[in-house]
DNA sequence: ATAGGTCAAGCGAGG
DNA sequence: CCTCGCTTGACCTAT
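In the working numbering, the protein residues as written are 159 to 471.
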């Protein structure tokens, strides 16, 4: 069996919106007390989400990037120790990690589109580095890595008109990360033709600095680099060494919902649920992050459908 | 209680 | 030139 775990991103709809790791605020209202309260609630709820995941057999979860609101934001950024709840926060994350470990759940993260290591703008790069270090801190505090690490996955961001030069800046800026954070970085293929295909990432990033590649099956069709999905998967999956790779699976919103959304929805937009089959024919063992708007509900529905067809397991 | 406006960050695509 | 979508929609305020 090629697929190990199938997971969802950031929000557990089954638990309702009262339980979330997404609580944030706006800058105008930011203060350190507020940040401390939000962060603590987020971390405490992560324990509940890990319990839910374990009981429901969903062993892959992407944690929200908002867990510590504005922690790395210029001007208001703070260290964890500045939060008056910092000890409880650490304990909560440790406990969430313990629960995850108990059930064999993999946790990882996916910083947003503002995280760009290849930028020619120093302010963007230093903000990116602060951001990645924050994600890595969460990974440290969870302390639940096993055969899969807490990988921090993000895109190249842009090619700034020169793919190779931008990839080179990425590789150079990697050296500015702590060694702990550096080991957790992974990079994902883009969904725009002019940007980085799996082949580009393999040749310009992996071969230069060994950063593993997350293969996004859906993105691949918009940026193939001349490879079939099977060829691209093969290339990406062998960049992970001893660790279990991550791939992304999603489907176009247009196909599922074209009547409701009209013709303007981009093909890249995600559907609520997935109706196809997650590829289990790629080489090796890997975890699949399902990127669907119905989150955990989409994963549960997928399993129900599969079980209905093939019987249990 | 809910709707509408607003909200950190960079970048490219589309109108 | 402006808006949307991507990361991850959520929060605040007014009714």
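Even glycine gets a Cβ: it sits at the ideal position worked out from N, Cα and C.
Being a predicted model, the structure only gives us computed values, none of them experimental.
Which residue marks the beginning of the alpha helix (DSSP H) containing residue i, and which one marks its end?
{"i": "residue 277", "result": "Per DSSP, residue 277 belongs to no alpha helix (DSSP H) and is neither H nor E."}
{"i": "residue 338", "result": "337 to 340"}
{"i": "residue 327", "result": "321 to 332"}
{"i": "residue 263", "result": "Premise fails: residue 263 is in no alpha helix (DSSP H) and is neither H nor E."}
{"i": "residue 387", "result": "387 to 395"}
{"i": "residue 224", "result": "Counting along the chain, residue 224 falls outside any alpha helix (DSSP H), and DSSP gives it neither H nor E."}
{"i": "residue 358", "result": "356 to 359"}
{"i": "residue 349", "result": "Element bounds for residue 349: n/a, residue is neither H nor E."}
How should residue i be labelled, buried or exposed, when 16 other C-beta atoms within 10 angstroms of its C-beta is the threshold for buried?
{"i": "residue 397", "result": "buried"}
{"i": "residue 335", "result": "buried"}
{"i": "residue 191", "result": "exposed"}
{"i": "residue 462", "result": "exposed"}
{"i": "residue 358", "result": "buried"}
{"i": "residue 152", "result": "Outside the shown range of the chain (159 to 471) lies residue 152, about which nothing can therefore be said."}
{"i": "residue 279", "result": "exposed"}
{"i": "residue 271", "result": "exposed"}
{"i": "residue 466", "result": "exposed"}
{"i": "residue 345", "result": "buried"}
{"i": "residue 184", "result": "exposed"}
Looking at the unbroken beta strand (DSSP E) that takes in residue i, where does it start and where does it end?
{"i": "residue 165", "result": "161 to 167"}
{"i": "residue 316", "result": "No beta strand (DSSP E) holds residue 316; DSSP gives it neither H nor E."}
{"i": "residue 189", "result": "Run containing residue 189: none; DSSP gives neither H nor E here."}
{"i": "residue 369", "result": "Element bounds for residue 369: n/a, residue is neither H nor E."}
Mapping the DSSP letters down to three states, classify residue i as helix, strand or coil.
{"i": "residue 172", "result": "helix"}
{"i": "residue 410", "result": "strand"}
{"i": "residue 286", "result": "helix"}
{"i": "residue 344", "result": "strand"}
{"i": "residue 432", "result": "coil"}
{"i": "residue 444", "result": "strand"}
{"i": "residue 249", "result": "helix"}
{"i": "residue 254", "result": "helix"}
{"i": "residue 298", "result": "helix"}
{"i": "residue 234", "result": "coil"}
{"i": "residue 216", "result": "coil"}
{"i": "residue 209", "result": "helix"}
{"i": "residue 404", "result": "strand"}
{"i": "residue 307", "result": "coil"}
{"i": "residue 181", "result": "coil"}
{"i": "residue 461", "result": "helix"}
{"i": "residue 364", "result": "helix"}
{"i": "residue 381", "result": "coil"}
Measuring alpha carbon to alpha carbon, tell me which of the options ends up nearest residue i.
{"i": "residue 214", "options": "262, 295 and 229", "result": "262"}
{"i": "residue 176", "options": "277, 460 and 199", "result": "199"}
{"i": "residue 299", "options": "245, 224 and 441", "result": "245"}
{"i": "residue 259", "options": "292, 393, 212 and 317", "result": "212"}
{"i": "residue 252", "options": "317, 182, 205 and 355", "result": "205"}
{"i": "residue 449", "options": "392, 373 and 443", "result": "373"}
{"i": "residue 240", "options": "284, 193 and 223", "result": "193"}
{"i": "residue 356", "options": "434, 170, 266 and 314", "result": "314"}
Check the C-beta distance from residue i over to residue j and give it rounded, since I have them as a contact under 8 Å.
{"i": "residue 163", "j": "residue 264", "result": "6 Å"}
{"i": "residue 407", "j": "residue 446", "result": "5 Å"}
{"i": "residue 201", "j": "residue 247", "result": "5 Å"}
{"i": "residue 269", "j": "residue 310", "result": "7 Å"}
{"i": "residue 161", "j": "residue 438", "result": "5 Å"}
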